[in-house]
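Accompanying notes for the structure given below.
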Amino acid sequence: MAESNPARRAVRALVVVVTASAALGLVPLAASRAAPETVLRSVPVEIRALLPRTGGAAGALTPNGELRAATAMRTARIRECAPIWFDGLAFTWEQSGGRAVTTVAAAGPDGSSLGRPIRIDEEGSPDPGTAEYRSGLRGSSYTWTGEARCVRFSMDLPKAAVVGNVRVLFINSSGTAEGPGTGPADAGPVAVGDRPAVPGSSRAISGARIPS
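At position 133 of the sequence shown the residue is numbered 133 (the working numbering), and the sequence of numbers has no breaks.
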C-alpha cells in the first residue's frame with residue numbers, strides 16, 4: 001500500500017502537537033465521513049526505568065532526571081499498555097547532544113503476546129530556528145502495528161545523548177479504539193507507515209510471541 005502524503009503529514013502534525021502540549025485525549029484527524037475519527041493517547045515513560053538492568057557506567061541519570069549516555073547504549077526494555085486499542089504508534093522525547101536515536105519496539109494484544117521487534121528510526125530533525133529545534137523535541141517515524149493494546153520497547157542512544165520527557169503516542173485511526181470490531185464497517189485505517197523498517201521486513205509488529 002502506498003504511503004499517503006497528506007495522511008503522513010497529519011500524523012506528523014499530531015506528533016508535534018502532542019509533544020509540544022503534552023495533550024491527552026481525542027484528536028480527530030479527518031472530518032470526512034469516509035474516514036473514522038482518529039484517537040490518540042500520549043503516555044509518559046519513567047526515565048529511571050530506562051536505565052540498563054546491568055548497571056555500569058554506560059548510562060546515568062542527570063540532576064534534572066534525564067538519561068545521559070556516556071557511551072553508545074541500549075536502554076532497558078519497558079512495557080507500556082495503552083488506555084485504548086491502537087493500530088499505530090510513535091515515540092517522542094527531548095534530546096540534547098548525540099546523533100539520532102533509534103527505538104526497538106514490539107506490540108501485541110497484551111503484555112505477554114507481542115510481535116517481532118522492529119527498529120523505528122527517528123523522524124527528520126526539526127528545522128533550525130523553530131520552537132521544536134530550540135526545545136530539543138524529537139520524534140520517531142509513525143509505525144503501523146495492527147490492532148494492539150501493549151508495546152515493549154527500548155531505545156538505542158548514541159554517545160553523549162541526553163534524553164528526557166519520553167512519551168509513547170498510541171494512535172487508533174480505524175475507529176476501533178474501544179476494541180476489535182467496534183469500528184465502522186465501511187472504513188479502514190489511514191494508510192501511513194507501511195514502508196518496511198528494514199530490508200525484507202514488514203511494518204506490522206503485532207501477532208507472534210517473543211520471549212519475555
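Cβ atoms here follow ideal geometry from the backbone N, Cα and C, with glycine treated the same way.
Which stretch, first to last residue, makes up the beta strand (DSSP E) that contains residue i?
{"i": "D156", "result": "143-157"}
{"i": "I84", "result": "78-96"}
{"i": "L114", "result": "Unbroken run through L114: none, as it is neither H nor E."}
{"i": "A217", "result": "Outside the shown range of the chain (1 to 212) lies residue 217, about which nothing can therefore be said."}
{"i": "N51", "result": "Strictly speaking, residue 51 in this sequence is Leu, with Asn absent from that position. Neither: L51 is in no beta strand (DSSP E) and is coded neither H nor E."}
{"i": "G175", "result": "No beta strand (DSSP E) contains G175, which DSSP labels as neither H nor E."}
{"i": "A161", "result": "From DSSP, A161 is part of no beta strand (DSSP E); its letter is neither H nor E."}
{"i": "R99", "result": "Segment: none, R99 is in no beta strand (DSSP E) and carries neither H nor E."}
Can you give me the C-alpha to C-alpha distance between residue i and residue j, rounded to a whole angstrom?
{"i": "I84", "j": "G179", "result": "8 Å"}
{"i": "G65", "j": "G164", "result": "7 Å"}
{"i": "G181", "j": "A161", "result": "42 Å"}
{"i": "L51", "j": "R77", "result": "9 Å"}
{"i": "E147", "j": "T38", "result": "14 Å"}
{"i": "C81", "j": "V151", "result": "6 Å"}
{"i": "E94", "j": "R149", "result": "25 Å"}
{"i": "F170", "j": "A90", "result": "7 Å"}
{"i": "R79", "j": "M155", "result": "12 Å"}
{"i": "G98", "j": "A70", "result": "10 Å"}
{"i": "R48", "j": "D110", "result": "23 Å"}
{"i": "A72", "j": "V168", "result": "22 Å"}
{"i": "G25", "j": "V45", "result": "For G25, the predicted structure reports a pLDDT of 36, less than 50, and the residue's modelled location is therefore unreliable. A value from the coordinates is still provided. Rounded to the nearest angstrom, the two C-alpha atoms are 17 Å apart."}
{"i": "V27", "j": "A60", "result": "Only weak support exists for where V27 lies, its pLDDT of 38 falling under 50; the value from the coordinates is given anyway. Each residue's alpha carbon lies about 35 Å from the other."}
{"i": "E122", "j": "T92", "result": "9 Å"}
{"i": "S112", "j": "A105", "result": "14 Å"}
{"i": "V43", "j": "V166", "result": "9 Å"}
{"i": "S96", "j": "S135", "result": "9 Å"}
{"i": "P36", "j": "G124", "result": "28 Å"}
{"i": "R120", "j": "A100", "result": "Reading off the sequence, residue 120 comes out as Ile, not Arg. C-alpha separation (whole angstroms): 11 Å."}
{"i": "R68", "j": "K159", "result": "9 Å"}
Report the CB separation of residue i from residue j in whole angstroms; it is logged as a contact under 8 Å.
{"i": "F153", "j": "T103", "result": "6 Å"}
{"i": "T143", "j": "G88", "result": "6 Å"}
{"i": "T62", "j": "L157", "result": "Incorrect: roughly 13 Å between the Cβ atoms, too far for contact."}
{"i": "F86", "j": "T145", "result": "7 Å"}
For the segment 167-184 and the segment 114-125, state whether three or more C-beta atom pairs, one from each stretch, are separated by less than 8 Å.
Output reads no: the segment 114-125 does not touch the segment 167-184.
Taking 8 Å as the cut-off, does the segment 139-147 touch the segment 45-56 (at least 3 CB pairs, one atom from each stretch)?
These segments do not touch.
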